[in-house]
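J.: Supplied in C-alpha cells, the structure appears directly below.
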Amino acid sequence: MKQFDDFLHQVSRPARYLGDELGSVRKDWRQVDVTMVLAFPDVYEVGMSHIGLPLLYQVINRLDWALAERVYAPWPDLEAGLRDAGLPLASLESRRSLAGFQVLGFTLQYELSYSNVLNMLDLAGIPLRREQRDGRHPLVVAGGPGAFNPEPLADFIDCAVVGDGEEAIVELCEAVRASRLAGEGRPALLRRLAAIEGVYVPALFEVSYHPDGKVADIRPLADDCARVRRRVVADLNSAVSPNRPLVPFMNAVHDRVAVEIARGCTRGCRFCQAGFVTRPVRERAPRLVADNIAASLDCSGYDEVSLLSLSTGDYSQIGPLLKGLMDRYRQEQVALSLPSLRVGSLTEELMEEVRKVRKTGFTLAPEAGSERLRQVINKGISEEDLLETARTAFGLGWRVIKLYFMMGLPTETEADLAAIVDLATRVKRAGKGTEGGADVNVSVSTFVPKPHTPFQWEAQLGVEETLSRQAYLRDALRSKKLRLKWHEAQMSFMEGVFARGDRRLGRVLERAVKLGCRFDGWRDHFRFELWQRAFDECGIDPRWYLRERGENEVLPWSHIDCGFTEGFLLAERHRALRCDYTPDCRSGGCSGCGVCDFSRVKPRVAEADAWQVSSAETVPESPEELCRIRLQVRKEGRVRFVGHLDFMSLFHRAARRARLPVRFSGGFHPAPQVSFPDALPTGVESDAEIIDVKLYRRCEPEDLMEAFNAQLPKGVEVLNAWDVPWKAEAPAVAIRSSVYRVEIPAQSLEKLSRRVEMLQGLDELLVTRLKKGREKTFDLRPAVEDVRIEDRALWLALTKGSPMPLLGWLFELPAEQAARLPVRKVSVRLD
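Reminder that position 102 of the sequence shown reads as 103 in my numbering, one-by-one numbering, no gaps.
Below, the structure is given as C-alpha cells:
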C-alpha cells in the first residue's frame, strides 16, 4: 500500500508537503489532553505567509497539555494521488489523518477558499455536515475574517471564533479538555463553547425566511446566547507575539519576518471591513516590537522584516522605530518593508527611511478617482495630497508607482470612472523631469460590500456591468499609455455572493465541491460554469445576493455583535450619502461607535519615548579580511525534494542564523556571496554538493563547518570544508564531472546490462525533450564520461547535465518514472 511519501516524486513542488520546517513543533501525543490541527484552505506557500495561523500554532503549543499541528490544501495533483490510493489528508507534523484530531480549525481568510474547506473535510473522510458528526469526529472550528459572517458555512462548522483568536482559542481548548474529562457528548460541549465570549455555535440558532427569500428571524435556541459578541484582545503588549517563525523549505509568497505593530484602525474608511471589525486601535510598544524582531531574525535567518498594521504609517512611533531598526540592521543587509502605507501618513522623512530598503514599486491607494467619491467613502485624502506624495516619491528615486482603485463604489458615476483615468495621468505627469523617468500602473478591483461596515446594505455590480466598466478603463488608460490590472469579474461576483450570503448557500457550496470546484481564488482553477450549474441545480439565483438590502432588513449576520451601538453603521451610511466626513478618532473627537468601554477596551497607543536603539545594539564596522571556503555538502531524506533555488535560500538563512561573516555583493540589490553548483534534480540525494562561501573575516574551515551543521535541517550536512583561493572558479565551473550511483532492481539487471553495452558502442544518443513548451533534440552521449554496472548498482560519470534523461533511456522509462529511481550523487571531480 502506498504511503504519503511515495507521492513526493510525482507532485509539483513536493517541498509543500515535507514538514519538519524550522520552527515547527512535534509533541508526544501520549502526553497531551487536546489535539488540534490548524488548517489553511489554500496552498502551502500562501498559508505560510499568513500571520494568524503561526500565532495560534505558537499559542497552543505553549500549553503543556495541548498540541497543534498544521495542514494546508493539497494541490490537485496530490489530491488525485491521495484519492486514487485511498489515503486521507494528513497533518504535516505527524502525518496523522485530520480525522484523528479532536479539533480541526480552519482559517477563513477569503470567501473563495470555502470550497477548499469542504474538499479538505472530504479528503480526510470527515462527514461534511455537522449533524452527521458526533464525538468520534473532530470539532470543526472556523475563524478569521470569514467568521464575521459564517452563515454560508453554518451547516458544516460546529463553531466559529469571532474576532481576536489568541485568547479565545485557549479557552476553547480548555472547554474541549473539560468536556472530555467529564465524559460529555457533542451537545454538551457545544453549550460549553457557546459560553465563551466570541464563540458562535450555529446549531444554537434557528433561521427562518420570508416568502420573498429575505431572512425573517434568527432565533436563539437558548436564552443565554441571543447575540455573539466579538472577542477583543484589549492590550497587545500583554498578548502573545510569535517570535519563532515557521520557516518553509520553499519560498513562500512572503518570505520574511512579519511583526504586527498595531491592530485596529481609526480612519473609518466606510468600505473597509478590517478597519471596523478590529476597533479600537491597539499599538504594541516599540521595545516589544524590536525584541520580537531580534528574536525572530535570530531563529529564522530571514533577510527582511515587515511591519504589519492596517495603516503602518499611522503607528504613533513609526518614525523613531523605523530609524532605529534601520540603524540596527542596515549593516546586516536586513531590509524593512511597510506594506500598508496610507497617503496621509507619508511624511518626507518617513519616505526617506523607506527608500533605503524598498527599491522597487511604491503603492498608493486613493481608492476612488474623484474628490466627491473619496468623501463618500471617508478616505480623508485630497488629490493634492496624492500628487504631492507622488512628486516626493519620484523625486526620491522611485521609478514606478502603483495606484489602487475600486470601481462600483456607492453613488459612482461615469464621471468618477473618468476621474480614475485623469488622476492616474496626473500622477504620471508628477514624475516628469525626474531622473530615470516615471511610470504608473493602475490596479482596479470591484467593490464588494462587506458585513459590519456602513456599506453592508449597498448593491454590488453584476458581471456584465463589471466587464463593461473594466473595458472602458482599459481603453481609456491605454490611450494615456497607462497599464490596467483588474480582478476577474466572475471571481468578484462569487466573493460578493458569499460575503453577504446566508445558510441556504451551504447546499450550493456542497454541490459545487462535488462538481469539482476548488482553489476558486486561483484564476487557472476557478470554474464559473460549475458554480452556475450548482446554483441552477439548487434553485438559487446568485444575483439576488448582490442586491441592495433594506435598512430594516434582518441581515444574515445580525446576530453577530461587533460592539457597535445600535444605528451607528446606518448613520455612517447616511453620512456617506451626504458626503460628510467622519474624523479620525485618533486626532478628532470620539465618533461614538460604541466599541470602547474606556476601561478595558480602549485605544492604546505607544508612548513617545518608549524605545530607541542603544549603542550596544548597533553593529560596529570592521576592516575586511577576505577568505573563501569550499564546502562538501550532503543532501538526503525528505530534503532531497527541496528544489535548487529553495536549497540556496536554506543555506543563506542558515548562514544568517549562525551569524557568519558572509560577504555581500555591491549594487542595487546586495546578495550573499555564496556560490552553488548546477542544480541537482529534485528527488536526487547527494554526498557531493560543492558550495563556496566568501567571508569578510577569516574563519577556520572546521569552525565554519561546525557553525553550518548547527543550523542546517535534518537531511543536510556539511561533510568537509577547505580553503580555496579568493579568485578560484565557481563550483558550477570547477566541477569537471559528477558520479551518480543508482540501485538496480533485480528484475532489471539483465535488461539494463544490454542497454549499457549498447550505450558504450554509440557515438551519439539523441533524445527529444520538451523545453519551454517546445520539443528539442539533444545528444546525451558527449556528456557520458563513464557508465558501468558494479555491485548491483549502475554507476554514471557525467561531465554536465542531469542524469535523468540518460536514466530514462537506459531503464526504458518515461521521464516521470525515471525520476522515482533511487539515484545518489556520490562524488565529483574538481579541477
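Just so you know, even glycine gets a beta-carbon here, dropped at the ideal spot from N, CA and C.
#1: Distance, Cα to Cα, Ser-616 vs Leu-289?
#2: Under a three-way DSSP split, which group does Met-843 fall into?
#3: Report the CB separation of Val-248 from Ser-301 in whole angstroms; it is logged as a contact under 8 Å.
#4: Please return the same chain residues whose Cβ sits closer than 7 Å to the Cβ of Cys-518, not counting the five positions on each side in sequence.
#5: Quick check: the Cα distance between Pro-604 and Pro-281, rounded to an integer number of angstroms?
#6: Quick check: the Cα distance between Thr-619 and Phe-102, rounded to an integer number of angstroms?
#7: Give the list of continuous alpha helix (DSSP H) stretches no shorter than 4 residues that lie fully inside the stretch 93 to 137.
#8: In the DSSP assignment, find the unbroken beta strand (DSSP E) run with Thr-36 in it and report its ends.
#9: Hey, Leu-323 and Glu-372: beta-carbon distance below 7 Å or not?
#10: Between the C-alpha atoms of Ala-472 and Glu-459, what's the straight-line distance to the nearest angstrom?
#11: Taking the alpha carbon of Leu-237 as the point to measure from, which residue in Arg-193, Ser-297, Val-260, Arg-283 has its own alpha carbon closest?
#12: Just the Cα atoms here: how many angstroms apart are Leu-822 and Leu-807?
#13: Which first and last residues belong to the beta strand (DSSP E) in which Asp-693 is found?
#14: Rank Glu-608, Leu-88, Arg-782, Tyr-303 by C-alpha distance to the C-alpha of Leu-651 and give the top, closest one.
#15: Looking at Thr-447 and Gly-502, is the spacing between their C-beta atoms short of 7 Å?
#16: Looking at the strands, I want to know which residues DSSP matches up with Gln-633.
#17: Give the DSSP bridge partners of Tyr-45, in chain order.
#18: Is it the case that the Cβ atoms of Leu-90 and Ala-67 are separated by a distance below 7 Å?
#19: Three or more C-beta pairs closer than 8 Å, one from the stretch 635 to 642 and one from the stretch 5 to 22: is that the case here?
#20: Suppose the cutoff is 7 Å on Cβ atoms and the five residues either side in sequence are ignored; what does the same chain contact list for Asp-647 look like?
#21: Decide if Gly-214 is buried, meaning its Cβ has at least 16 other Cβ atoms within 10 Å, or exposed.
#22: Please name the residue in Val-254, Tyr-201, Ala-672, Val-719 whose C-alpha comes closest to that of Val-47.
#23: Who are the Cβ neighbours of Ala-259 in its own chain at under 7 Å, not counting the five residues just before and after it?
#24: Give the secondary structure of Glu-168 by DSSP, where H, G and I count as helix, E and B as strand, and everything else as coil.
#25: Counting only runs that start and end within the stretch 750 to 783, where is the alpha helix (DSSP H) found for 4 or more residues in a row?
#26: Rounded to whole angstroms, what is the Cα-Cα separation between Gln-32 and Leu-705?
#27: Would you call Cys-591 buried or exposed, if buried means 16 or more other Cβ atoms sit within 10 Å of its Cβ?
#28: Could you tell me the distance, in whole angstroms, from the CA atom of Pro-212 to the CA atom of Gly-507?
#29: Three or more beta-carbon pairs under 8 Å between the stretch 542 to 552 and the stretch 126 to 135, yes or no?
#30: On the CB-based measure, 16 or more other CB atoms within 10 Å of its CB, does Thr-412 come out buried or exposed?
#31: Measure the CB-CB distance between Tyr-405 and Ala-366 and report whether it falls below 7 Å.
#32: Residues bridged to Met-407 by DSSP?
#33: If you draw a straight line from the alpha carbon of Val-719 to that of Gln-712, how long is it in whole angstroms?
#34: Since I believe Ala-798 is in contact with Ser-740 (beta carbons under 8 Å), could you give me their beta-carbon distance rounded to a whole number of angstroms?
#35: Could you tell me which uninterrupted alpha helix (DSSP H) segments, each at least 4 residues in length, are contained entirely in the stretch 532 to 611, listed from first to last along the chain?
#36: Hey, Leu-113 and Gly-497: beta-carbon distance below 7 Å or not?
T.: Considering the structure as presented:
#1: Start at 1 with the first residue of the sequence shown, and residue 616 comes out as number 615. Start at 1 with the first residue of the sequence shown, and residue 289 comes out as number 288. Low confidence applies here, because Ser-616 scores a pLDDT of 39, under 50, leaving its location unreliable; read the following figure in that light. In a straight line, the C-alpha of Ser-616 is about 18 Å away from that of Leu-289.
#2: With the chain represented from 2 up to 832, any question about residue 843 goes unanswered, as that position is not in the structure.
#3: For the purposes of this step, residue 248 is taken as the residue at position 247 of the sequence shown. For the purposes of this step, residue 301 is taken as the residue at position 300 of the sequence shown. About 5 Å; that satisfies the 8 Å criterion.
#4: Along the sequence shown, one-based indexing puts residue 518 at 517. Excluding residues within five positions, the ones whose Cβ falls inside 7 Å are Ser-116, Arg-528, Leu-531, Trp-532.
#5: Reading the sequence shown from its first residue, position 603 is the one you call residue 604. Reading the sequence shown from its first residue, position 280 is the one you call residue 281. Near 5 Å, if we compare the C-alpha coordinates of Pro-281 and Pro-604.
#6: Taking the sequence shown and counting its residues from 1, the one referred to as residue 619 is at position 618. Taking the sequence shown and counting its residues from 1, the one referred to as residue 102 is at position 101. Low per-residue confidence applies at Thr-619: pLDDT is 47, beneath 50, and the placement is therefore not dependable enough to give any value.
#7: 115 to 124
#8: Walking along the sequence shown from the start, residue 36 turns up at place 35. Looking at the DSSP string, the run of the beta strand (DSSP E) that includes Thr-36 is 35 to 41.
#9: The residue given as residue 323 occupies position 322 in the sequence shown. The residue given as residue 372 occupies position 371 in the sequence shown. Not a contact, by the Cβ cut-off of 7 Å.
#10: The residue given as residue 472 occupies position 471 in the sequence shown. The residue given as residue 459 occupies position 458 in the sequence shown. Each residue's alpha carbon lies about 23 Å from the other.
#11: Position 236 of the sequence shown holds residue 237. The option with the nearest alpha carbon to Leu-237 is Arg-283.
#12: On the sequence shown, residue 822 is found 821 positions in, with the first residue counted as 1. On the sequence shown, residue 807 is found 806 positions in, with the first residue counted as 1. Going from the Cα of Leu-822 to the Cα of Leu-807 covers about 12 Å.
#13: The residue given as residue 693 occupies position 692 in the sequence shown. Asp-693 -> beta strand (DSSP E) spans 686 to 696.
#14: Within the sequence shown, residue 651 is the residue found at index 650, counting from 1. Of the listed residues, the one whose Cα sits closest to Leu-651 is Tyr-303.
#15: Your numbering for residue 502 matches position 501 in the sequence shown. Your numbering for residue 447 matches position 446 in the sequence shown. Going by C-beta atoms, Gly-502 is not nearer than 7 Å to Thr-447.
#16: If you number the sequence shown from 1, residue 633 lands on position 632. Gln-633 is bridged to Ile-691, Asn-721.
#17: As a first step, residue 45 must be located in the sequence shown, where it is residue number 44. Per DSSP, none; premise fails for Tyr-45.
#18: Counting from one through the sequence shown, the residue named residue 90 turns up at place 89. Counting from one through the sequence shown, the residue named residue 67 turns up at place 66. Their beta carbons are not under 7 Å apart, which means Leu-90 does not touch Ala-67 by this criterion.
#19: yes
#20: As a working note, residue 647 is residue 646 in the sequence shown. Cβ neighbours of Asp-647 beyond the five flanking positions: Ala-16, Phe-250, Met-251, Asn-252.
#21: To locate residue 214, count along the sequence shown from 1; it is residue 213. It is exposed - the Cβ of Gly-214 has fewer than 16 other Cβ atoms within 10 Å.
#22: Working through the sequence shown from its first residue, we reach residue 47 at position 46. Cα-wise, what sits closest to Val-47 is Val-254.
#23: One-based indexing of the sequence shown puts residue 259 at position 258. Excluding positions up to five away in sequence, the list reads Ile-52, Ser-307, Leu-309.
#24: On the sequence shown, residue 168 is found 167 positions in, with the first residue counted as 1. Note: Glu-168 maps to coil in three-state DSSP.
#25: 750 to 761
#26: On the sequence shown, position 31 is the one that residue 32 refers to. On the sequence shown, position 704 is the one that residue 705 refers to. So the alpha carbons of these two residues sit roughly 38 Å apart.
#27: For this step, residue 591 is matched to residue 590 along the sequence shown. The residue in question, Cys-591, is exposed, as its Cβ has fewer than 16 Cβ neighbours within 10 Å.
#28: Taking the sequence shown and counting its residues from 1, the one referred to as residue 212 is at position 211. Taking the sequence shown and counting its residues from 1, the one referred to as residue 507 is at position 506. In a straight line, the C-alpha of Pro-212 is about 19 Å away from that of Gly-507.
#29: no
#30: Residue numbering aside, residue 412 sits at position 411 when the sequence shown is read from its first letter. With fewer than 16 Cβ atoms within 10 Å of its Cβ, Thr-412 is classed as exposed.
#31: Stepping through the sequence shown from its first residue, residue 405 is reached at position 404. Stepping through the sequence shown from its first residue, residue 366 is reached at position 365. Yes, Cβ-Cβ distance for Tyr-405 and Ala-366 is below 7 Å.
#32: Position 406 of the sequence shown, counted from the start, is the residue given in the question as residue 407. For Met-407, which the question treats as bridged, DSSP gives the partners Ser-446.
#33: Locating residue 719 in the sequence shown gives position 718, counting from the first residue. Locating residue 712 in the sequence shown gives position 711, counting from the first residue. Between Val-719 and Gln-712, the C-alpha separation is close to 11 Å.
#34: Locating residue 740 in the sequence shown gives position 739, counting from the first residue. Locating residue 798 in the sequence shown gives position 797, counting from the first residue. The identity of residue 740 in the sequence shown is Val, whereas the question assumes Ser. With a Cβ gap of about 5 Å, Val-740 and Ala-798 count as contacting.
#35: 569 to 578
#36: Sequence index remark: in the sequence shown, residue 113 carries index 112 (1-based). Sequence index remark: in the sequence shown, residue 497 carries index 496 (1-based). Cβ atoms of Leu-113 and Gly-497: not closer than 7 Å.
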